[in-house]
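Trainee: According to full-length UniProt numbering, the sequence shown is numbered sequentially starting from 1.
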Amino acid sequence: MWEFWRSRLSKGKTRHRRRTGSDDDGSLSPMTSRSLGGSLEGPLPDIITGAVPENSTHVYFKDMIVAASDDSEEESEPSERGATNQSGSEANNGKTQAPRKVRKRNRVDRQKLIIILVGLPGRGKTFLCNKIMCYLNWLGHDTKHFNVGQYRRVQKTTSEIQNASFFDPNNEQGLKARHMALMAALEDMDSWLDEDSSQVAIFDATNSTEHRRQLLRNRYHGKRQYLFIESICNDPDILAQNYRYKMMYSPDYKTTTEEEALQDFRDRICKYEEVYETITDRNLHYIKLIDMVTGRGYMDVNRISGYIPGKMVFFLMQVCKAGVARLRKIWLTRHGESEYNEMALIGGNSNLTPAGQIYARLLPDAIVDRVPLTLEGGTMPVSVWTSTLKRTIQTAELLPFPKLRWKALDEIHAGMFDGWTYEEIAEKHSEEYAARKRDKLRYRYPSGESYMDVIQRLEPVIIEIERERECVCVVAHQAILRALYGYFMKVPLADVPRLEIPLHTLIELVPTPDGRMAEERVPFNIRRSMDMPPRTQMEKQFSEMITLSINRDAA
1 MWEFWRSRLS
11 KGKTRHRRRT
21 GSDDDGSLSP
31 MTSRSLGGSL
41 EGPLPDIITG
51 AVPENSTHVY
61 FKDMIVAASD
71 DSEEESEPSE
81 RGATNQSGSE
91 ANNGKTQAPR
101 KVRKRNRVDR
111 QKLIIILVGL
121 PGRGKTFLCN
131 KIMCYLNWLG
141 HDTKHFNVGQ
151 YRRVQKTTSE
161 IQNASFFDPN
171 NEQGLKARHM
181 ALMAALEDMD
191 SWLDEDSSQV
201 AIFDATNSTE
211 HRRQLLRNRY
221 HGKRQYLFIE
231 SICNDPDILA
241 QNYRYKMMYS
251 PDYKTTTEEE
261 ALQDFRDRIC
271 KYEEVYETIT
281 DRNLHYIKLI
291 DMVTGRGYMD
301 VNRISGYIPG
311 KMVFFLMQVC
321 KAGVARLRKI
331 WLTRHGESEY
341 NEMALIGGNS
351 NLTPAGQIYA
361 RLLPDAIVDR
371 VPLTLEGGTM
381 PVSVWTSTLK
391 RTIQTAELLP
401 FPKLRWKALD
411 EIHAGMFDGW
421 TYEEIAEKHS
431 EEYAARKRDK
441 LRYRYPSGES
451 YMDVIQRLEP
461 VIIEIERERE
471 CVCVVAHQAI
481 LRALYGYFMK
491 VPLADVPRLE
501 IPLHTLIELV
511 PTPDGRMAEE
521 RVPFNIRRSM
531 DMPPRTQMEK
541 QFSEMITLSI
551 NRDAA
């Protein structure tokens with residue numbers, strides 16, 4: 001694997017010319033790289049030691065050094081051959097010839113990505129948009145959503161009626177208003193992409209004609225990296241379901257009845273269908289989802305490469321497997337109180353306290369009562385996922401569902417501070433304590449983990465939860481559940497380490513049609529249960545099971 005370091009250079013007067021073997025975006029081709037290669041131990045070649053401007057950088061590879069400029073376009077300067085010819089002409093003819101100009105060429109900004117959604121209304125674009133935003137922001141890629149419909153509603157005048165006729169392709173006033181909303185959204189998106197922290201912009205509109213897509217291509221081709229995601233659905237039952245779901249949260253139909261809204265929405269779609277053109281140009285970079293929102297479709301992937309686009313293809317394959325708004329639930333709960341919790345110690349692999357054992361006894365009834373029914377009238381399957389630590393295994397012991405242990409669900413590794421209290425860390429390692437307080441998200445325990453490390457190892461867990469069609473109950477630890485909850489609820493990454501995930505509380509998440517989650521928290525009054533009369537036979541049996549479990553793990 002290449003190793004490289006980038007460093008700012010001092011000011012200079014000249015810059016390196018791009019060789020003929022360079023790529024279209026200004027990066028050096030393998031041919032040019034080889035020509036610059038060589039051992040780093042000897043004197044540097046002249047092309048490296050020459051002066052370069054402040055906005056240039058050096059890229060140090062294992063066996064070569066390349067000077068690269070951050071300018072958006074190449075400067076025009078004479079080539080070596082042109083300079084030689086000029087000198088020769090002056091010597092021979094005594095005439096001065098103008099230097100040959102090198103054609104300017106824009107460099108594509110490879111650090112930013114624009115995702116352009118395509119598709120008729122009610123095809124799951126909002127669902128896909130919210131899922132992609134959750135995923136990329138959670139991984140640390142700053143992503144923002146730009147919805148043209150929101151700009152259209154903001155620009156709407158009090159006398160303007162935006163019913164189905166407003167979207168008629170022959171309605172000049174409607175076309176003008178929609179174009180104004182389009183340009184306003186594009187201007188805001190461009191301004192945001194100019195910020196250093198921005199990385200991925202999602203442009204959410206129908207973009208259903210070749211003319212519209214060509215307008216976007218002309219705007220960004222050769223300047224920014226972009227790709228199209230088109231969602232197609234041909235299942236009439238799924239479409240009817242999506243239309244009704246859309247009426248629940250669409251701002252366009254807040255003041256109308258459901259039937260009136262449905263009829264107007266169908267009429268609007270008919271207007272779009274008159275001019276709709278699916279993507280067929282194989283020169284475009286696109287991901288086409290055909291009936292994927294039904295959970296049983298397929299994908300057409302064309303000219304997709306790169307880290308984030310590649311991850312998106314894999315993610316969309318998984319997230320669409322369960323379908324849009326399939327009835328299922330996700331439960332998140334911490335283990336019952338452990339001995340280390342009682343002593344305020346970090347980490348460890350301790351057993352449950354009596355209070356934790358009571359929570360483990362009460363948890364099954366609470367979940368069983370909340371399992372949704374299938375269309376056939378039966379109960380939906382449930383799987384229980386725990387970490388490999390004893391306190392989560394003991395908490396899930398009585399749950400009457402299949403269980404799976406994940407090493408990835410283990411608590412954040414505290415490294416050398418495992419078994420310490422926070423007061424001890426503050427007293428004996430004040431610098432580490434202060435560093436953690438300054439940036440809890442990225443602080444890494446000595447020989448341990450940070451929250452960002454935890455998020456990276458939880459990615460497979462997120463993928464598996466997203467592709468599941470059945471209910472999932474995750475019994476894990478505070479840092480783990482903070483990260484999982486932050487993903488599902490679109491919590492800003494910086495706020496994830498400070499989320500409230502209390503003990504003895506069941507968090508129920510229900511997917512909504514727009515890709516979000518509805519939340520309900522169910523707290524348990526453990527202290528009241530501890531004040532109840534002497535233990536029942538069930539509690540006695542549970543205590544015996546816990547003892548057997550501890551002995552089995554110890555063996």
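All residues carry an ideal CB built from backbone N, CA and C; glycine is no exception.
These numbers come from a predicted model, not from an experiment.
1. Specify the secondary structure class of residue 563 as computed by DSSP and reduced to three states.
2. Tell me which residue opens and which closes the alpha helix (DSSP H) that W192 is part of.
3. Could you pull out every residue in the same chain whose Cβ sits closer than 7 Å to the Cβ of V454, ignoring the five residues on either side in sequence?
4. In the DSSP output, what is residue 557 paired with across the bridge?
5. So does the stretch 459-467 actually touch the stretch 363-370, counting three or more Cβ pairs closer than 8 Å?
6. Does DSSP classify P372 as helix, strand or coil?
7. Among the residues of its own chain, which have a CB less than 6 Å from the CB of N137, if the five just before and after it don't count?
8. Would you mind reading off the limits of the alpha helix (DSSP H) that contains Q162?
9. Put C134 into one of helix, strand or coil per three-state DSSP.
10. Measure from the alpha carbon of L493 to the alpha carbon of each residue in Y451, Y272 and D252, then state which is nearest.
11. Is the number of C-beta pairs between the stretch 278-292 and the stretch 218-231 that are closer than 8 Å three or more?
12. Beta-carbon separation of I507 and W385 under 8 Å?
13. How big is the Cα-Cα spacing for D514 and I425?
14. Can you tell me where the beta strand (DSSP E) with R334 in it begins and where it stops?
15. Taking the Cβ atom as the reference point for each residue, do L352 and G336 lie within a distance shorter than 8 Å?
16. Return the CA-CA distance between E187 and D168, expressed in angstroms with no decimal places.
17. So the candidates are I232, S387 and G486; which of them puts its Cα closest to the Cα of L509?
18. Please state if the CB of I232 and the CB of L289 are separated by a distance shorter than 8 Å.
19. Tell me whether M189 is buried or exposed, calling it buried when 16 or more other Cβ atoms sit within 10 Å of its Cβ.
20. Let's see if you can read the secondary structure: which residues bound the beta strand (DSSP E) around T505?
21. Could you give the first and the last residue of the continuous beta strand (DSSP E) run that contains I412?
22. Check for me: the beta strand (DSSP E) holding D109 runs from which residue to which?
23. Starting from K144, follow its DSSP beta bridges and name the residues at the other end.
24. Let's see if you can read the secondary structure: which residues bound the alpha helix (DSSP H) around S529?
25. Taking its Cβ as the centre, do 16 or more other Cβ atoms sit within 10 Å of Q214, making it buried, or is it exposed?
26. I think V118 touches N242, with their Cβ atoms under 8 Å apart; what is that distance to the nearest whole Å?
27. Looking at Q162 and D252, is the spacing between their C-beta atoms short of 8 Å?
28. In whole angstroms, what is the alpha-carbon distance linking C270 and N302?
29. Please decide whether Y307 counts as near chain C, where near means a Cβ-Cβ distance under 8 Å.
30. Which residues bound the beta strand (DSSP E) around E519?
31. Applying the 10 Å Cβ sphere with the 16-neighbour rule, what's the burial state of M312?
32. Is it buried or exposed for S305, if we count other Cβ within 10 angstroms and need 16 for buried?
33. Using the Cα positions of A51 and L139, report the straight-line distance between them to the nearest angstrom.
34. With burial defined as no fewer than 16 other Cβ atoms inside 10 Å of the residue's Cβ, what is the status of V475: buried or exposed?
35. Compute the Euclidean distance between the alpha carbons of R527 and Y443, then round it to the nearest angstrom.
Mentor: Considering the structure as presented:
1. Any property of residue 563 remains undetermined from this structure, which presents the chain solely from 1 to 555.
2. The residue you call residue 192 lines up with position 192 of the sequence shown. E172 to L193 is the span of the alpha helix (DSSP H), which, as asked, contains W192.
3. Along the sequence shown, read from residue 1 onward, the residue named residue 454 stands at position 454. Closer than 7 Å at the Cβ level, and outside the excluded window around V454, lie I412, A479, I480 and A483.
4. Residue coverage of the chain in this structure runs from 1 to 555, which leaves residue 557 outside it and unanswerable.
5. no
6. Counting from 1 along the sequence shown, the entry for residue 372 is found at position 372. Here P372 sits in coil by DSSP.
7. Numbered from its first residue, the sequence shown carries residue 137 at position 137. Excluding sequence neighbours, N137 sits near T143.
8. By 1-based counting over the sequence shown, the position of residue 162 is 162. Taken as a continuous stretch (DSSP letters only), Q162 belongs to no alpha helix (DSSP H), as it is neither H nor E.
9. The residue you call residue 134 lines up with position 134 of the sequence shown. C134 falls in the helix class under three-state DSSP.
10. As a first step, residue 493 must be located in the sequence shown, where it is residue number 493. Answer by Cα proximity: Y451.
11. yes
12. By one-based count along the sequence shown, residue 507 stands at place 507. By one-based count along the sequence shown, residue 385 stands at place 385. Going by C-beta atoms, I507 is not nearer than 8 Å to W385.
13. Start at 1 with the first residue of the sequence shown, and residue 514 comes out as number 514. Start at 1 with the first residue of the sequence shown, and residue 425 comes out as number 425. If you take the alpha carbons of D514 and I425, they lie about 44 Å apart.
14. On the sequence shown, residue 334 is found 334 positions in, with the first residue counted as 1. That run of the beta strand (DSSP E) goes I330 to R334.
15. Locating residue 352 in the sequence shown gives position 352, where the first residue counts as 1. Locating residue 336 in the sequence shown gives position 336, where the first residue counts as 1. Closer than 8 Å, so yes.
16. The residue you call residue 187 lines up with position 187 of the sequence shown. The residue you call residue 168 lines up with position 168 of the sequence shown. Taking the straight line joining both Cα atoms gives about 25 Å.
17. Locating residue 509 in the sequence shown gives position 509, counting from the first residue. Ranking I232, S387 and G486 by Cα distance to L509 puts G486 first.
18. For the purposes of this step, residue 289 is taken as residue 289 along the sequence shown, with counting starting at 1. For the purposes of this step, residue 232 is taken as residue 232 along the sequence shown, with counting starting at 1. Going by C-beta atoms, L289 is nearer than 8 Å to I232.
19. Counted from its first residue, the sequence shown places residue 189 at position 189. Buried.
20. Residue mapping note: residue 505 aligns to position 505 of the sequence shown, counting from 1. T505 to P511 is the span of the beta strand (DSSP E), which, as asked, contains T505.
21. For the purposes of this step, residue 412 is taken as residue 412 along the sequence shown, with counting starting at 1. Here I412 belongs to no beta strand (DSSP E), and DSSP marks it neither H nor E.
22. Translated into positions along the sequence shown, residue 109 becomes position 109. Segment D109 to V118, the beta strand (DSSP E) holding D109.
23. Counting from 1 along the sequence shown, the entry for residue 144 is found at position 144. According to DSSP, K144 bridges with A201.
24. Against the sequence shown, residue 529 aligns to sequence position 529. Segment I526 to M530, the alpha helix (DSSP H) holding S529.
25. Locating residue 214 in the sequence shown gives position 214, where the first residue counts as 1. So Q214 ends up on the exposed side.
26. Against the sequence shown, residue 118 aligns to sequence position 118. Against the sequence shown, residue 242 aligns to sequence position 242. Wrong, their Cβ atoms sit about 16 Å apart, outside the cutoff.
27. Counting from one through the sequence shown, the residue named residue 252 turns up at place 252. Counting from one through the sequence shown, the residue named residue 162 turns up at place 162. Against a cut-off of 8 Å, the Cβ pair of Q162 and D252 comes out as a contact.
28. Reading the sequence shown from its first residue, position 270 is the one you call residue 270. Reading the sequence shown from its first residue, position 302 is the one you call residue 302. Their backbone Cα atoms lie some 28 Å apart in a straight line.
29. Considering every chain present, this structure includes no chain C. It has just one protein chain.
30. Working through the sequence shown from its first residue, we reach residue 519 at position 519. Segment M517 to P523, the beta strand (DSSP E) holding E519.
31. Against the sequence shown, residue 312 aligns to sequence position 312. The residue is buried, with at least 16 neighbouring Cβ atoms inside 10 Å.
32. Taking the first residue of the sequence shown as position 1, residue 305 is located at position 305. S305 is exposed by the Cβ-count criterion.
33. Here residue 51 corresponds to residue number 51 of the sequence shown, with the count starting at 1. Here residue 139 corresponds to residue number 139 of the sequence shown, with the count starting at 1. With a pLDDT of 47 at A51, under the threshold of 50, the predicted position of this residue should be treated as unreliable, and no value is reported.
34. Residue 475 sits at position 475 when you count from the first residue of the sequence shown. Result: buried.
35. Against the sequence shown, residue 527 aligns to sequence position 527. Against the sequence shown, residue 443 aligns to sequence position 443. Each residue's alpha carbon lies about 35 Å from the other.
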